[in-house]
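S.K.: Going by the UniProt record's numbering, the letters in the sequence shown line up with residues 1 to 328, in that order. Backbone N, C-alpha and C fix where the C-beta goes; we use that ideal spot for every residue, glycine too. This is the structure I want to talk about, given as structure tokens.
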Amino acid sequence: MNIPTVQGTPVQSSMIQIEHSVSILGALSSPNAPLRASNVTPSTVREDMTRHAVKEATVAHWVDFDLNTLTKTYKSLLAQQVMPPRGVKNGEFDIRTVHDATTMFIEHVVPRLENPISVGAAFLGAQFTRQFPAVVVKVGNDVETYNPPLSFVTEDGSQTLLVGLVVHAKAWNSNKLLYRETAVSKRPILRIAKYCMLARTRYGFIMTTNEVVVVRISGDVFDTTAPFHVEWRAIPWVAQGPDDLTFCLSLWSLVMLSLDDLRLSTYPFYNDQFPPHIPPRRSLNVWMRYRIPKGFFYRHPSSGQREAELPEGAEFEDSPNGTSSWTS
């Protein structure tokens with residue numbers, strides 16, 4: 001007896017692509033594309049001559065923005081799974097102008113942040129029984145005046161979470177703040193501080209082809225003429241892997257921190273009625289201690305991360321109420 005067979009085109013193994021989810025930390029630790037910067041660049045960053053220019057600020061290193069602190073603060077969140085990004089442009093980027101760097105950011109960085117930010121915002125909201133709006137990236141076209149070249153904003157456009165500035169690596173780098181802090185070396189810091197103040201957010205970043213410098217401003221009065229303080233931390237573009245603080249992990253962390261400020265403000269607000277202030281800044285390394293029938297537990301005020309023992313190297317403050325509604 002002849003047994004009938006079904007013949008068809010054999011399926012090539014290369015045609016089958018099964019995508020596996022990865023942790024948010026894994027997704028944010030992937031290597032960045034190589035960048036080739038032009039040698040034809042300005043020698044310095046121009047002084048901001050606009051009406052709202054920030055003329056002076058105290059500047060210091062952001063000491064608690066590091067891999068150890070962030071991975072403890074967002075431990076459970078960073079373990080959440082996301083699918084690999086789609087639409088990421090890879091390969092070497094030729095960066096000749098600020099516009100080229102901005103385009104690279106949109107094509108290579110933003111798609112890799114979309115899923116981690118979306119999943120992170122949902123998880124963070126669940127920790128505090130809140131629902132955060134979707135986050136999108138906006139490109140500015142008025143970089144010499146009041147609008148930042150890059151910003152992360154809520155989808156409805158009512159609130160800016162994070163502002164970004166792009167400068168030539170040969171015109172400025174963070175080492176200028178370490179070895180000789182001058183009016184010229186502080187120009188990018190003062191400009192990003194202006195963008196933060198005008199956008200009513202505490203967080204910003206300065207991107208070059210060599211690094212990203214994250215910043216946090218202090219003060220609850222959004223007035224560019226008022227004295228304030230800027231903290232900063234530089235992260236190399238080439239940093240990669242789960243044992244390094246990477247470019248993408250740094251930006252993602254700033255978005256999460258800004259969402260927490262949004263939670264503590266009067267959001268949602270409408271029209272041009274912005275909150276009169278944002279909550280005072282807190283050390284990222286300080287946890288709250290709560291008393292429960294079995295003893296104590298510790299909870300991070302910005303992420304909701306909960307631990308039975310205080311993380312090594314961290315500090316704590318007792319909860320204002322002393323006890324917690326969590327009993328387990």
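Quick check: what's the CA-CA separation for residue 118 versus residue 187?
M.R.: C-alpha separation (whole angstroms): 33 angstroms.
S.K.: Return the bridge partner residues of residue 318 from the DSSP annotation.
M.R.: BP columns for residue 318 point to 289.
S.K.: Evaluate residue 112 with the Cβ neighbour count: other Cβ atoms within 10 Å of its Cβ, from every protein chain shown; 16 or more gives buried, anything less gives exposed.
M.R.: Looking at its Cβ environment, which holds 16 or more other Cβ atoms inside 10 Å, residue 112 is buried.
S.K.: Grab the span of the alpha helix (DSSP H) containing residue 116 for me, first residue to last.
M.R.: Unbroken alpha helix (DSSP H) run through residue 116: 110-127.
S.K.: Assign residue 126 to buried or exposed, taking buried as 16 or more other Cβ atoms, counted over all protein chains shown, within 10 Å of its Cβ.
M.R.: Exposed, since its Cβ has fewer than 16 Cβ neighbours within 10 Å.
S.K.: Give the single residue among 71, 32 and 259 whose Cα lies nearest to the Cα of residue 305.
M.R.: It is 71.
S.K.: Nearest-angstrom Cα distance between residue 34 and residue 189?
M.R.: In a straight line, the C-alpha of residue 34 is about 25 angstroms away from that of residue 189.
S.K.: Leaving out five residues on either side along the sequence, give the residues of the same chain with a beta carbon under 6 angstroms from the beta carbon of residue 260.
M.R.: The answer, listed in chain order, is 302.
S.K.: Between the C-alpha atoms of residue 229 and residue 177, what's the straight-line distance to the nearest angstrom?
M.R.: Between residue 229 and residue 177, the C-alpha separation is close to 14 angstroms.
S.K.: For residue 156, tell me which candidate among 147, 195 and 134 has the shortest Cα-Cα distance.
M.R.: Measuring from the Cα of residue 156, the nearest candidate turns out to be 134.
S.K.: Between the alpha carbons of residue 60 and residue 232, how many angstroms are there, rounded?
M.R.: So the two alpha carbons sit approximately 6 angstroms from each other.
S.K.: For the candidate residues 39, 196 and 243, whose alpha-carbon lies nearest to that of residue 95?
M.R.: Nearest of 39, 196 and 243 to residue 95, Cα basis: 39.
S.K.: Going along the chain, which unbroken runs of the beta strand (DSSP E) with 3 or more residues stay wholly within the region 190-253?
M.R.: Runs of the beta strand (DSSP E) inside the region 190-253: 203-207, 211-218 and 229-236.
S.K.: Shortest alpha-carbon distance to residue 234 belongs to which of 210, 162, 290 and 44?
M.R.: Selected option, being the one with the closest Cα: 210.
S.K.: Starting from residue 72 and walking both ways along the beta strand (DSSP E), at which residues does that stretch end?
M.R.: Careful: residue 72 lies outside any beta strand (DSSP E), inside the alpha helix (DSSP H) at 67-73.
S.K.: Consult DSSP for residue 136 and reduce its assignment to one of helix, strand or coil.
M.R.: Residue state, collapsed to three classes: strand.
S.K.: Consult DSSP for residue 50 and reduce its assignment to one of helix, strand or coil.
M.R.: Coil at residue 50, not helix or strand.
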